[in-house]
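Next up, the structure:
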């Protein structure tokens, strides 16, 4: 626990691990239509200093689709027809978006990784998108599927908002939400949290709060029940 | 001449061959001979390379990429660093292959020309600013015109250089000083800076904030065999074998001078199990090491023997079953470990404010 006023919004690698475990547990306990996040440990090189086990959170093979205009009133869940794809069907999870099957080339799949940044000392969301056959989805296709405010932001500051970079562990090109400024808005988030009487930063809540903001950018919203009663 | 200027003007002679799959004419075109700035990036050379090969390329859309001995080259790594990393025994000219088709999108991040490189550079700068200053506001708040000027001072330098004109170091210094990215306090470099300041115009050294934090990009590759000469050193042939990390290094100010060796201990502690090393290197005569900046930085003749002995001591003490550093290269130089780290940073860092260090480590099998 730490007084939020003295805090800069960041967390240590060790606290990231604690927060990640807490986040994954909470997510799973809510029994959403999503599969659970899993912690992927990373191999250490013998010559590199790495005080504790490094790793990242992984949630893969999600399909996201934002509603076409004519489907806004649709509430039924359609069967994606893919056994290993978990889709957003729970109405609690997405406010207005409902499950809609993509009508071009089958489904679009997303993999999400939450990776710790040693430089900015905050979590970073990495993601990639691909067609059912594994071919990567181009950015303009992804843009169509993002919530409107995200795609607006993307068109304004393409290179600084979502960048394509090498995944720090997998060494392949992934998209990443740029973490600049994360420390600042995390601090604001905790400061404005009226549920916490003394403005304490609780490590176990860090990732939940962080994801409540970041997840929205890519169309994943945490239901409010997940944030209450922590 | 100021070491920083040397670094800015450092270049790698490239002999660029078009990949045979894209040669449609007989006889095949001869390779292009191009001098690439160390601090620059390969895709920026596209406008120079294309004219050599455009008449022989098959029809289609061009997306340039490079490879060396089958290894696709990561375009966001500065050219000089790629050379130091992949060519431990320097090959001059460096023979690399250019492709205009078949971009390996599963291995390389897409590159849409100069824009991609520019944004990658700005993102690096943000990271460095964050490490050094604790925030990247100054980079993010850079005006459009400053951004352009910063970028073109890095970019256009090579175009100018190729016509053998003066490098644009002054323009870079003018804009980068506005960023107020804190610099490392360094009595060796400021001596030279004050001398050459008459030529530079409005550099605001007096207003610079001093820091103890340095942004370092470390590229480590490991070998399992021992070798005596650089010629026998196995070259890294896959990116899996190269670990690449960003690390901040905090320079300790108290006590004796913080050397390159001390910095490496922070970055790669597993390679320095023997604490008595500190004692041995502290005994080195610093008067001799101070002469180094005034010499041609690529020459290691100054006090060579004395420092060679110190270096050998480092090597010998590390053979204890753990990893051992075999080679350290920064801007093409193998600096002696006793050189003050502040000097290394101030003179050898790249325009993105990162110090790129290539290290070869021998690990027991």
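Residue numbers (my numbering), protein chains in the order written: chain A, 1 to 230; chain B, 1001 to 1365. Built from N, CA and C at the ideal position, the CB exists for glycine as well.
{"Item": "How would you label residue 4/A, buried or exposed, when you count the other beta carbons within 10 angstroms and need 16 or more for buried?", "Value": "buried"}
{"Item": "Quick one: complete alpha helix (DSSP H) runs, 4+ long, within the region 1089-1113 of chain B?", "Value": "none"}
{"Item": "For residue 111/A, which option in 139/A, 161/A, 59/A, 218/A has the closest C-alpha, if you only look at C-alpha atoms?", "Value": "59/A"}
{"Item": "Where do the ends of the alpha helix (DSSP H) carrying residue 129/A lie?", "Value": "Careful: residue 129/A lies outside any alpha helix (DSSP H), inside the beta strand (DSSP E) at 123-131."}
{"Item": "If you run the structure through DSSP and keep just helix, strand and coil, what is residue 108/A?", "Value": "strand"}
{"Item": "To the nearest angstrom, how far is it from the Cα of residue 1364/B to the Cα of residue 1035/B?", "Value": "39 Å"}
{"Item": "Answer with buried or exposed for residue 1331/B, where buried requires no fewer than 16 other C-beta atoms within 10 angstroms of its C-beta.", "Value": "buried"}
{"Item": "Give me, in chain order, the residues of the same chain whose beta-carbon lies closer than 6 Å to that of residue 1085/B; leave out the 5 immediate sequence neighbours on both sides.", "Value": "1219, 1358"}
{"Item": "What in chain B is Cβ-close to residue 119/A, meaning under 7 Å?", "Value": "1127, 1130, 1131, 1246"}
{"Item": "Buried or exposed for residue 1142/B, please, with buried defined as at least 16 other CB atoms from any protein chain shown within 10 angstroms of its CB.", "Value": "buried"}
{"Item": "Assuming residue 218/A and residue 179/A make a contact with CB atoms under 8 Å, what is their CB distance in whole Å?", "Value": "That pair is no contact at about 14 Å."}
{"Item": "Looking only at its chain, what residues have a beta carbon closer than 6 Å to the beta carbon of residue 1327/B, apart from the 5 residues adjacent to it on each side?", "Value": "1360"}
{"Item": "In its own chain, which residues sit with a C-beta less than 7 Å from the C-beta of residue 1251/B, not counting the 5 before and 5 after it?", "Value": "1184, 1212, 1214, 1258, 1341, 1342"}
{"Item": "When we look at the beta-carbon of residue 1092/B and count the other beta-carbons within 10 Å, is it buried (16 or more) or exposed?", "Value": "exposed"}
{"Item": "Locate the beta strand (DSSP E) running through residue 175/A, then write down its first and last residues.", "Value": "173-177"}
{"Item": "Touching or not, the region 1105-1116 of chain B and the region 1018-1032 of chain B, by the rule of three or more beta carbon pairs under 8 Å?", "Value": "no"}
{"Item": "Measure the C-alpha to C-alpha separation of residue 14/A and residue 22/A and round it to an integer number of angstroms.", "Value": "13 Å"}
{"Item": "Between the region 1264-1271 of chain B and the region 131-145 of chain A, are three or more C-beta pairs nearer than 8 Å?", "Value": "no"}
{"Item": "Indicate whether the contact test is met: 3 or more Cβ pairs, each with one atom in the region 184-194 of chain A and one in the region 207-218 of chain A, closer than 8 Å.", "Value": "yes"}
{"Item": "For the beta strand (DSSP E) that residue 1336/B lies in, which residues bound it at each end?", "Value": "Segment: none, residue 1336/B is in no beta strand (DSSP E) and carries neither H nor E."}
{"Item": "Is the region 1070-1078 of chain B close to the region 1106-1120 of chain B, with three or more CB pairs under 8 Å?", "Value": "yes"}
{"Item": "Nearest CA to the CA of residue 12/A: which residue from 216/A, 148/A, 174/A, 206/A?", "Value": "206/A"}
{"Item": "List the residues of chain E whose Cβ lies closer than 7 Å to the Cβ of residue 163/A, in chain order.", "Value": "Protein chains in the displayed structure are A and B, and chain E is not among them."}
{"Item": "Quick check: what's the CA-CA separation for residue 16/A versus residue 57/A?", "Value": "10 Å"}
{"Item": "Could you please tell me which residues of the region 1223-1242 of chain B, in chain order, have their CB closer than 9 Å to any CB of chain A?", "Value": "1239, 1240"}
{"Item": "Could you check whether residue 1013/B and residue 1033/B sit closer than 9 Å to each other, using their CB atoms as the reference points?", "Value": "yes"}
{"Item": "What residues from the region 1095-1113 of chain B come within 9 Å of chain A, judged by C-beta to C-beta, listed N to C?", "Value": "1105, 1106, 1107, 1108, 1109, 1110"}
{"Item": "Can you give me the start and stop residues for the beta strand (DSSP E) that residue 7/A sits inside?", "Value": "First-last for residue 7/A: undefined, no H or E at that position."}
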